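**Student:**
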Amino acid sequence: MLEDELTVSIRINEKVAIIDLIGDVTTFAEEKINNAYQEVTKAGAQHILLNFRQNDYINSAGIAILIGIVTEVNRHNQKLAFSGLSQHFQKIFRMVGLAQYADIYQDDQEALEAINNAAAA
Amino acid sequence: MSNEETAGSKPSEKVIELRLPSRLGYERVAMDAASSLARRMGFEGDRIAALKTAVSEAVTNAIEHGNQHNETMKVVVLLTVRDDELIVSVTDQGSKSIDEAYVSRVPNISEAMQKDDKGGWGIWLIRELMDEVEFTKAPGGGNQVRMVIHLER
Amino acid sequence: MTTTRQHIIEISFPSEFGYEVIAREAIATFARCVGFDRDRIDDLKTAVSEACINAIEHGNKKVHGLTIDIVGVYDGNMLQIDIADQGIQQYQVAGAPATIEEKIAGKAPARGMGLLLMTQLADEAHFLPDTNGTRGNRFRLIWRERVETLEPEH
Numbered sequence: 050m051l052e053d054e055l056t057v058s059i060r061i062n063e064k065v066a067i068i069d070l071i072g073d074v075t076t077f078a079e080e081k082i083n084n085a086y087q088e089v090t091k092a093g094a095q096h097i098l099l100n101f102r103q104n105d106y107i108n109s110a111g112i113a114i115l116i117g118i119v120t121e122v123n124r125h126n127q128k129l130a131f132s133g134l135s136q137h138f139q140k141i142f143r144m145v146g147l148a149q150y151a152d153i154y155q156d157d158q159e160a161l162e163a164i165n166n167a168a169a170a
Numbered sequence: 321m322s323n324e325e326t327a328g329s330k331p332s333e334k335v336i337e338l339r340l341p342s343r344l345g346y347e348r349v350a351m352d353a354a355s356s357l358a359r360r361m362g363f364e365g366d367r368i369a370a371l372k373t374a375v376s377e378a379v380t381n382a383i384e385h386g387n388q389h390n391e392t393m394k395v396v397v398l399l400t401v402r403d404d405e406l407i408v409s410v411t412d413q414g415s416k417s418i419d420e421a422y423v424s425r426v427p428n429i430s431e432a433m434q435k436d437d438k439g440g441w442g443i444w445l446i447r448e449l450m451d452e453v454e455f456t457k458a459p460g461g462g463n464q465v466r467m468v469i470h471l472e473r
Numbered sequence: 012m013t014t015t016r017q018h019i020i021e022i023s024f025p026s027e028f029g030y031e032v033i034a035r036e037a038i039a040t041f042a043r044c045v046g047f048d049r050d051r052i053d054d055l056k057t058a059v060s061e062a063c064i065n066a067i068e069h070g071n072k073k074v075h076g077l078t079i080d081i082v083g084v085y086d087g088n089m090l091q092i093d094i095a096d097q098g099i100q101q102y103q104v105a106g107a108p109a110t111i112e113e114k115i116a117g118k119a120p121a122r123g124m125g126l127l128l129m130t131q132l133a134d135e136a137h138f139l140p141d142t143n144g145t146r147g148n149r150f151r152l153i154w155r156e157r158v159e160t161l162e163p164e165h
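Chains as they are written, first to last, in the working numbering: chain A, 50 to 170; chain B, 321 to 473; chain C, 12 to 165.
1. Pull the bridge partners of residue 25/C from the DSSP assignment, please.
2. Identify each residue in the segment 32-60 of chain C for which the Cβ-Cβ distance to at least one residue of chain B is less than 7 Å, and report them in chain order.
3. Residue 321/B by DSSP, collapsed to three states: which one?
4. Could you tell me which residues DSSP puts in a beta bridge with residue 467/B?
5. So that I know if they touch, is there some Cβ in chain B lying closer than 8 Å to that of residue 148/C?
6. For a quick check, are the C-beta atoms of residue 129/A and residue 97/A less than 8 Å apart?
7. Helix, strand or coil, according to DSSP, for residue 368/B in the structure here?
8. Looking at the C-beta of residue 326/B, does it have a partner C-beta in chain A at a distance below 8 Å?
9. For residue 153/C versus residue 133/C, is the C-beta distance shorter than 8 Å?
10. Leaving out five residues on either side along the sequence, give the residues of the same chain with a beta carbon under 6 Å from the beta carbon of residue 469/B.
11. Sort out for me which residues DSSP pairs residue 98/A with in a bridge.
12. For residue 51/A, go through chain B and note every residue whose CB falls closer than 8 Å to its CB, in chain order.
13. Under 8 Å Cβ-Cβ, which residues of chain B neighbour residue 121/A?
14. Please state if the CB of residue 340/B and the CB of residue 416/B are separated by a distance shorter than 8 Å.
15. Going along chain B in order, which residues have a C-beta closer than 7 Å to the C-beta of residue 14/C?
16. Unbroken beta strand (DSSP E) runs of length 3 or more, entirely within the segment 107-170 of chain A: which are they?
17. Should residue 32/C be labelled buried (16 or more other beta-carbon atoms within 10 Å of its own) or exposed?
18. Looking at the C-beta of residue 106/A, does it have a partner C-beta in chain C at a distance below 8 Å?
19. Is the separation between the beta-carbon of residue 108/A and that of residue 75/A shorter than 8 Å?
20. Which ranges does the alpha helix (DSSP H) cover as unbroken runs of at least 4 residues, wholly within the segment 102-161 of chain C, from first to last along the chain?
21. Against chain A, does residue 77/C count as a neighbour if the rule is that its beta carbon must be under 8 Å from one of theirs?
22. Determine the DSSP secondary structure at residue 389/B, reduced to helix, strand or coil.
23. Please check if any C-beta of chain C sits within less than 8 Å of the C-beta of residue 141/A.
24. Confirm the yes/no value for this check: CB of residue 59/C, any heavy atom of the ligand ATP, distance under 7 Å.
25. When you compare the CB positions of residue 150/C and residue 94/C, do they come within less than 8 Å of one another, or not?
26. Per the DSSP calculation, residue 394/B is bridged to which residue(s)?
27. DSSP three-state call for residue 45/C: helix, strand or coil?
28. Look at the Cβ atom of residue 408/B, then the Cβ atom of residue 453/B, and state whether they are nearer than 8 Å.
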């Protein structure tokens with residue numbers, strides 16, 4: 050009865066596959082996020098950026114989905130980064146230890162510059 | 321939820337209940353809960369804004385008039401979610417009834433500007449903003465406002 | 012006008028994922044009304060939703076038609092929030108939660124971060140003993156008012 054509050058879309062910028070997550074990342078997000086990850090992985094993406102927007106609500110079920118993505122990223126030798134998280138969710142990601150497995154950038158611009166420059170070097 | 325409480329609700333309904341202290345300011349709790357619910361039900365922004373105003377007016381009426389600012393008295397807000405509508409009922413514990421004439425009157429801005437009491441817009445606003453509005457007595461004796469907003473897809 | 016020292020808000024909502032959002036919003040507004048700042052409200056929103064989803068998933072085992080009941084009390088010194096389920100299952104967890112390394116290596120389930128988050132975000136986070144004869148689990152979160160420490164005058 051309550052509608053899903055997440056829109057997932059994919060963009061490519063040079064070497065980076067960006068998955069935009071607009072809205073809530075909760076238990077309902079699993080299929081959408083996993084599908085997007087599989088799509089960019091099939092296309093051969095080496096650098097994946099999860100760009101959060103209007104993410105007022107990320108819960109532990111959502112974090113579990115992201116841990117699943119980290120596991121897959123490690124298995125495929127890809128690189129993962131996060132951007133667009135609020136200060137609160139940056140703190141939460143550090144608390145649970147997700148920050149050890151992915152670089153966290155303030156926004157997608159900053160992330161793209163850093164990742165593309167490093168990839169070109 | 322006890323059997324007694326489930327007896328009246330249909331299987332397709334979901335009910336959220338809020339019990340608030342009769343203190344001005346706490347109407348915001350009901351406004352935010354209702355707007356968050358309405359957004360997730362798929363209501364448009366202008367409808368949500370209308371709902372917030374109506375909920376705010378109903379709860380502040382219950383605090384000010386029904387419960388006479390007595391903080392030990394509760395305002396009970398029921399948010400009933402159906403597939404095609406949201407029903408908000410606001411009940412106070414007051415013994416003081418709302419005057420029938422007050423419920424149906426249409427305020428006039430030029431008259432209001434002449435009077436000391438420039439209030440009295442709440443009930444009129446609720447009627448203007450919601451799709452269905454009903455003023456009744458709650459089983460426990462308090463005043464009850466039942467407001468319905470339809471989801472147009 | 013009759014004023015009270017304790018402000019109590021009660022919320023009851025369907026025990027289904029998605030509805031915890033509404034409770035979380037209501038509690039956040041309550042905290043804003045009593046003067047909590049933005050950072051603490053963010054902490055509170057995350058902790059309350061974690062307690063709710065535990066109650067829905069573990070306490071009520073997602074059984075249809077049940078409710079979750081929240082009581083929030085503010086007394087001028089602290090904000091206390093109790094989250095109760097109907098106790099289809101007693102789920103008090105013992106022992107330390109799995110580490111993220113174990114989760115990523117697939118040695119532990121990816122879920123189960125909730126308790127860790129609640130413990131870190133609230134000043135107190137614990138289950139309540141079953142003293143009132145209900146079968147349900149009750150989880151308590153507490154945030155205390157921070158006393159501003161003044162710099163000594165020179």
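Beta carbons are placed, not taken as given, at the ideal position from N, Cα and C, and that holds for glycine.
Computed from a predicted structure; not experimentally measured.
**Tutor:** With the structure as the only source:
1. On the third sequence, residue 25/C is found 14 positions in, with the first residue counted as 1. Answer by DSSP bridge pairing, in chain order: 78/C.
2. Going along the segment 32-60 of chain C in chain order, one finds 32, 33, 36, 37, 40, 41, 44 with a Cβ nearer than 7 Å to chain B.
3. Start at 1 with the first residue of the second sequence, and residue 321/B comes out as number 1. Model confidence at residue 321/B stands at a pLDDT of 39, short of 50, so the residue's coordinates are unreliable and nothing is read from them.
4. Locating residue 467/B in the second sequence gives position 147, where the first residue counts as 1. Answer is 408/B, 453/B.
5. Position 137 of the third sequence holds residue 148/C. Residue-level contact by beta carbon fails for residue 148/C and chain B, as no gap is shorter than 8 Å.
6. Sequence index remark: in the first sequence, residue 129/A carries index 80 (1-based). Sequence index remark: in the first sequence, residue 97/A carries index 48 (1-based). Taking 8 Å as the cut-off, the beta carbon of residue 129/A is found closer than this to the beta carbon of residue 97/A.
7. For the purposes of this step, residue 368/B is taken as residue 48 along the second sequence, with counting starting at 1. Here residue 368/B sits in helix by DSSP.
8. Against the second sequence, residue 326/B aligns to sequence position 6. Residue confidence is low: residue 326/B scores 46 on pLDDT, short of 50, so the model does not pin down where it sits. Its coordinate-derived value is still stated next. Interface annotation, residue 326/B: not in contact with chain A, CB-CB separation never under 8 Å.
9. Reading the third sequence from its first residue, position 142 is the one you call residue 153/C. Reading the third sequence from its first residue, position 122 is the one you call residue 133/C. In this structure, residue 133/C lies closer than 8 Å to residue 153/C by Cβ.
10. As a first step, residue 469/B is located in the second sequence; it is residue number 149 there, counting from the start. Only residues of its own chain outside the window of five on either side were considered, and among them 371, 406, 450, 451 have a CB closer than 6 Å to the CB of residue 469/B, listed in chain order.
11. As a first step, residue 98/A is located in the first sequence; it is residue number 49 there, counting from the start. Beta-bridge pairing links residue 98/A to 67/A, 130/A.
12. To locate residue 51/A, count along the first sequence from 1; it is residue 2. For residue 51/A, the C-beta contacts it makes with chain B under 8 Å involve 357, 360, 361, 401, in order along the chain.
13. For the purposes of this step, residue 121/A is taken as the residue at position 72 of the first sequence. What residue 121/A touches in chain B: nothing, since even the nearest Cβ is about 30 Å away.
14. The residue labelled residue 416/B in the question sits at position 96 within the second sequence. The residue labelled residue 340/B in the question sits at position 20 within the second sequence. No, the Cβ-Cβ distance between residue 416/B and residue 340/B is not below 8 Å.
15. To locate residue 14/C, count along the third sequence from 1; it is residue 3. Within 7 Å Cβ-Cβ: 391.
16. Those beta strand (DSSP E) runs which fall completely within the segment 107-170 of chain A and span 3+ residues are 128-132, 152-154.
17. For the purposes of this step, residue 32/C is taken as residue 21 along the third sequence, with counting starting at 1. So residue 32/C counts as buried.
18. Here residue 106/A is taken as the residue at index 57 of the first sequence, counted from 1. Output row for residue 106/A: interface = yes.
19. Translated into the one-based positions of the first sequence, residue 108/A becomes position 59. Translated into the one-based positions of the first sequence, residue 75/A becomes position 26. Going by beta carbons, residue 108/A and residue 75/A fall inside the 8 Å limit.
20. DSSP assignment within the segment 102-161 of chain C yields the following whole alpha helix (DSSP H) runs of 4 residues or more, N-terminal first: 111-115, 125-132.
21. In the third sequence, counting from the first residue as 1, residue 77/C sits at position 66. Not a single CB atom of chain A sits nearer than 8 Å to the CB of residue 77/C.
22. For the purposes of this step, residue 389/B is taken as the residue at position 69 of the second sequence. Coil.
23. Start at 1 with the first residue of the first sequence, and residue 141/A comes out as number 92. For residue 141/A, the answer is yes, since a Cβ of chain C falls inside 8 Å of its Cβ.
24. With respect to the ligand ATP, the structure offers nothing, as it holds no ligand at all.
25. Your numbering for residue 150/C matches position 139 in the third sequence. Your numbering for residue 94/C matches position 83 in the third sequence. The Cβ atoms of residue 150/C and residue 94/C lie closer than 8 Å to each other.
26. Position 74 of the second sequence holds residue 394/B. In the DSSP output, where bridge partners are listed per residue, residue 394/B has 341/B.
27. Counted from its first residue, the third sequence places residue 45/C at position 34. Look at residue 45/C here: in three-state DSSP terms it is coil, with no helix or strand label.
28. In the second sequence, the residue the question calls residue 408/B occupies position 88. In the second sequence, the residue the question calls residue 453/B occupies position 133. Taking 8 Å as the Cβ cut-off, residue 408/B and residue 453/B do not qualify as a contacting pair.
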